[in-house]
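Novice:
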Amino acid sequence: MTPLLSVQGVTKRYGRHVGCLDISFDLWPGEVMGIVGESGSGKSTLLNCLAGNMVPDAGEVIFDTRADGPLDTVAMSEPARRMLSRTDWAFVHQNARDGLRLGVSAGGNVGERLMAVGARHYGQIRAAAGDWLARVEIDPTRIDDRPSTFSGGMQQRLQIARNLVTGPRLVFMDEPTGGLDVSVQARLLDLLRGLVRRMGLSAVIVTHDLAVVRLLADRLMVMKDGRVVESGLTDQVLDDPQHRYTQLLVSSVLQV
Amino acid sequence: MIEIASLAKTFTLHNQGGAVIEVMRDAALSVAPGECVGLTGASGAGKSTLMRMVWGNYIAASGSIRVGDLDVARALPREIIALRRRTLGYVSQFLRVVPRVPTVDVVAEPLLTLGMADDEAHARARALLARLNLPERLWSLSPTTFSGGEQQRVNIARGFIHPWPALLLDEPTASLDTMNREVVLRLIEEAKKGGAAVLGIFHDEAARARVCDRLVDVAAFAPRNP
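So the sequences go chain by chain: S and G.
Heads up: the first sequence is residues 32 to 287, going by the working numbering.
Heads up: the second sequence is residues -9 to 216, going by the working numbering.
1) Just to confirm before moving on: does the CB-CB distance between alanine 35(G) and alanine 209(G) stay below 8 Å?
2) Since I believe arginine 144(S) is in contact with glutamate 168(S) (beta carbons under 8 Å), could you give me their beta-carbon distance rounded to a whole number of angstroms?
3) Going by DSSP in three states, glutamate 143(S) sits in which element: helix, strand or coil?
4) Tell me which same chain residues have a C-beta within less than 6 Å of the C-beta of serine 72(S), skipping the five on either side of it?
5) Determine, using beta carbons only, whether serine 38(G) and proline 89(G) come nearer to each other than 8 Å.
6) What is the rounded straight-line gap between the Cα of alanine 181(G) and the Cα of asparagine 5(G)?
7) Assign histidine 48(S) to one of three DSSP states: helix, strand, or coil.
8) Counting only C-beta atoms, is tyrosine 80(G) closer than 8 Å to chain S at any point?
9) Nearest to methionine 106(G) by alpha carbon, out of Arg229(S), Asp176(S), Val38(S), Ser282(S)?
10) Going along chain S in order, which residues have a C-beta closer than 7 Å to the C-beta of glycine 46(G)?
11) Can we say the region 211 to 228 of chain S touches the region 51 to 67 of chain G, given the rule of at least three CB pairs closer than 8 Å?
12) Comparing alpha-carbon positions, which option in Val96(G), Val91(G), Ile71(G), Gln142(G) lies nearest leucine 122(G)?
13) State yes or no: is the beta carbon of serine 37(S) nearer than 8 Å to at least one beta carbon in chain G?
14) Using a Cβ distance threshold of 8 Å, determine whether the region 201 to 209 of chain S contacts the region 152 to 167 of chain S, with at least three qualifying pairs required.
15) So, is lysine -1(G) buried or exposed, given that buried needs 16 or more other C-beta atoms within 10 angstroms?
16) Are any of the Cβ atoms in chain G nearer than 8 Å to that of glutamine 187(S)?
17) If we count the other Cβ atoms within 10 Å of its Cβ and call it buried at 16 or more, is lysine 183(G) buried or exposed?
18) Anything in the region 156 to 176 of chain G with a Cβ closer than 9 Å to a Cβ of chain S? List those residues in chain order, please.
19) Just to check my reading of the structure: valine 38(S) and serine 55(S) have Cβ atoms closer than 8 Å, yes? What is that Cβ distance to the nearest angstrom?
20) For the region 62 to 74 of chain G, which residues have a CB atom closer than 7 Å to at least one CB atom of chain S, in sequence order?
21) For the 8 Å Cβ check, are there 3 or more pairs between the region 266 to 278 of chain S and the region 90 to 109 of chain G?
22) Which complete alpha helix (DSSP H) runs does the region 94 to 173 of chain G hold, if anything under 4 residues is left out?
23) According to DSSP, is threonine 42(S) part of a helix, a strand, or is it coil?
24) With the cut-off set at 8 Å, would you say methionine 14(G) and leucine -3(G) are in Cβ contact?
25) Would you kindly work out how many angstroms separate the C-alpha atoms of valine 135(S) and glutamate 261(S), rounded to a whole number?
26) Mind checking the region 192 to 226 of chain S against chain G and listing, in chain order, the residues whose C-beta falls within less than 9 Å of any C-beta there?
27) Roughly how many whole angstroms lie between the Cα atoms of leucine 241(S) and histidine 152(S)?
28) Tell me the residue span of the beta strand (DSSP E) that contains valine 259(S).
29) From the beta carbon of glutamate 62(S), is the nearest beta carbon of chain G less than 8 Å away?
30) Please work out which residues of its chain come closer than 7 Å, Cβ to Cβ, to tyrosine 45(S), disregarding the five sequence neighbours upstream and downstream, and give them in chain order.
31) Just to make sure I have the definition right: I need the residues of chain A whose C-beta is within less than 7 Å of the C-beta of histidine 4(G). Which are they?
32) Using the C-alpha atoms, what's the distance from leucine 177(G) back to threonine 180(S)?
33) Pairing CB atoms from the region 112 to 121 of chain G with CB atoms from the region 46 to 58 of chain G, are three or more of them under 8 Å?
34) Taking 8 Å as the CB-CB limit, is proline 153(G) close to chain S?
35) Can you tell me which residues form a DSSP beta bridge with tryptophan 163(S)?
36) Give a yes or no on whether the minimum CB-CB distance between proline 216(G) and chain S is below 8 Å.
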């Protein structure tokens, strides 16, 4: 078996400041990898380098493409990378408004992604959009409403529908439950777990919420000052942390 | 099915002066298919620590833990993930679930992960919940608000929904009434008959006497320091 994503020595600097340093890992099909760390630890920088939103200064991000097998997405041409980001990747932003077009209807937000990969039949696009709204538990009668009239949790679910409608194989998520009410978070977590399982998705999830990764991620990387200080099975890293920083992080969580 | 040899465990507490605590040395035991081995020893002797090392959420300092043909002490995360999907089951004392997910989905999840169709997985989950006498009106509710005994039965249902060839049981009969305790003991006996290798912690002595073929006192694995 080939890893879906093989990350080797990814480094990104902002002038003299280190974004992320020499990060390497393999992500296998169907796996969910969590990345935790405090603000400024480099986890979002790393996610953006992996998803092609940012060009790393060094390193390779090798993705197992459907047509041509493993290719380094850093060295790939811009149009080829953009095509991958439409067909094979999805990026779920923390702020749903960054991942949606607020002036376009909910159905349009979902349908637009299908059209970007070549769908042309209006009836089929609208049917697929309606189907996806239902899957993310948005009432399909809201299909013609603009997302600006939706609650935060609904906007986040619409963003997920927009991202998953094209059947990606790898989903990048930046704090997907951040900024949502706890009750809405739980529903979103359940939805994401179900989608990951049914669609066989792989995902990389950046969060600072240890409870979220325990429920969602198979594996966990802990970042501090741009480096990975510890990685392993999620429950192993949380229950038997080996690194000083991880021990501090785990012991600092308030018990409910 | 489960083979533990020369197993040691230490904890290094970096934020408490770097204290190194050695908690286990030279642990060894084996569990054959169809057999149930009970771990005994005083509270704090390391029974749960040993179980967690087999499950893979505690890292072994040295030694080996073979479950089937995988050495958990040396395995890659994805190998342990695959082992837990197909081969190794665990009934812990704690129920960790996504809030607001219905009980029947919580119980069916291991089967869905293995690729079973929704209908069949849910039918099996309902049958097992019924057998464990969990009132049907609770099946569509999240177990997070259930009583201790109800949560324990959800945990047991989840742990017995798939015939895992190796099964870890941490106090499976704690907080159960006589009737449900009997159901759980039968489930364990059936798992053994089905060829499962069972490693368990039972404070309930009568339960231990009934299902365990052998006992291993973990006090024997305590490090002897001067």
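Glycine is no exception: its CB is placed at the ideal position from the N, C-alpha and C atoms.
Specialist: Here's the rundown:
1) As a working note, residue 35(G) is residue 45 in the second sequence. As a working note, residue 209(G) is residue 219 in the second sequence. It is a contact, given that the beta carbons lie within the stated cut-off.
2) The residue you call residue 168(S) lines up with position 137 of the first sequence. The residue you call residue 144(S) lines up with position 113 of the first sequence. Not a contact, Cβ separation roughly 19 Å.
3) The residue labelled residue 143(S) in the question sits at position 112 within the first sequence. DSSP places glutamate 143(S) in helix when its eight states are reduced to three.
4) Here the question's residue 72(S) lines up with position 41 in the first sequence. These residues qualify, in order along the chain: Met254, Lys255.
5) Residue mapping note: residue 38(G) aligns to position 48 of the second sequence, counting from 1. Residue mapping note: residue 89(G) aligns to position 99 of the second sequence, counting from 1. Not in contact: serine 38(G) and proline 89(G) (Cβ atoms no closer than 8 Å).
6) As a position in the second sequence, residue 181(G) is number 191, starting the count at 1. As a position in the second sequence, residue 5(G) is number 15, starting the count at 1. Rounded to the nearest angstrom, the two C-alpha atoms are 43 Å apart.
7) Counting from one through the first sequence, the residue named residue 48(S) turns up at place 17. In the structure shown, histidine 48(S) sits in a strand (DSSP, three-state: E or B).
8) Here residue 80(G) refers to the residue found at position 90 when the second sequence is read from its first residue. So, not an interface residue.
9) As a first step, residue 106(G) is located in the second sequence; it is residue number 116 there, counting from the start. Per the Cα distances, Arg229(S).
10) In the second sequence, the residue the question calls residue 46(G) occupies position 56. Within 7 Å Cβ-Cβ: Leu264, Gln267.
11) no
12) On the second sequence, residue 122(G) is found 132 positions in, with the first residue counted as 1. Checking every option, the nearest Cα to that of leucine 122(G) belongs to Gln142(G).
13) Taking the first sequence and counting its residues from 1, one reaches residue 37(S) at position 6. Not closer than 8 Å to any Cβ of chain G, the Cβ of serine 37(S) fails to qualify, so no.
14) no
15) Within the second sequence, numbered from 1, the residue matching residue -1(G) stands at position 9. When all chains shown are included, lysine -1(G) counts as buried.
16) Against the first sequence, residue 187(S) aligns to sequence position 156. Not closer than 8 Å to any Cβ of chain G, the Cβ of glutamine 187(S) fails to qualify, so no.
17) Against the second sequence, residue 183(G) aligns to sequence position 193. Exposed is the call here.
18) none
19) Position 7 of the first sequence, counted from the first residue, corresponds to residue 38(S). Position 24 of the first sequence, counted from the first residue, corresponds to residue 55(S). Contact flag correct, Cβ pair sits at about 6 Å.
20) Pro67, Arg68, Ile70, Ile71
21) no
22) 108 to 121, 138 to 150
23) To locate residue 42(S), count along the first sequence from 1; it is residue 11. Residue state, collapsed to three classes: strand.
24) By 1-based counting over the second sequence, the position of residue 14(G) is 24. By 1-based counting over the second sequence, the position of residue -3(G) is 7. The answer is yes: Cβ separation under 8 Å.
25) One-based indexing of the first sequence puts residue 135(S) at position 104. One-based indexing of the first sequence puts residue 261(S) at position 230. If you take the alpha carbons of valine 135(S) and glutamate 261(S), they lie about 43 Å apart.
26) Val213, Ser214, Gln216, Ala217, Arg218, Leu220, Asp221, Arg224, Gly225
27) The residue given as residue 241(S) occupies position 210 in the first sequence. The residue given as residue 152(S) occupies position 121 in the first sequence. For leucine 241(S) and histidine 152(S), the distance between alpha carbons rounds to 43 Å.
28) In the first sequence, residue 259(S) corresponds to position 228, counting from 1. First-last of the beta strand (DSSP E) with valine 259(S): 258 to 264.
29) Taking the first residue of the first sequence as position 1, residue 62(S) is located at position 31. At least one chain G Cβ lies under 8 Å of glutamate 62(S).
30) Here residue 45(S) corresponds to residue number 14 of the first sequence, with the count starting at 1. If we look at tyrosine 45(S) and ignore the five residues flanking it on each side, it has no Cβ neighbours.
31) Absent from the structure is chain A; the protein chains it does hold are S and G.
32) Here the question's residue 180(S) lines up with position 149 in the first sequence. Here the question's residue 177(G) lines up with position 187 in the second sequence. Roughly 52 Å separates the two Cα atoms.
33) no
34) Translated into positions along the second sequence, residue 153(G) becomes position 163. Proline 153(G) does not count as touching chain S.
35) Translated into positions along the first sequence, residue 163(S) becomes position 132. DSSP lists no partner for tryptophan 163(S).
36) Counted from its first residue, the second sequence places residue 216(G) at position 226. With a pLDDT of 46 at proline 216(G), under the threshold of 50, the modelled position of that residue is not reliable, and the figure given next carries that caveat. So no, proline 216(G) is outside the interface.
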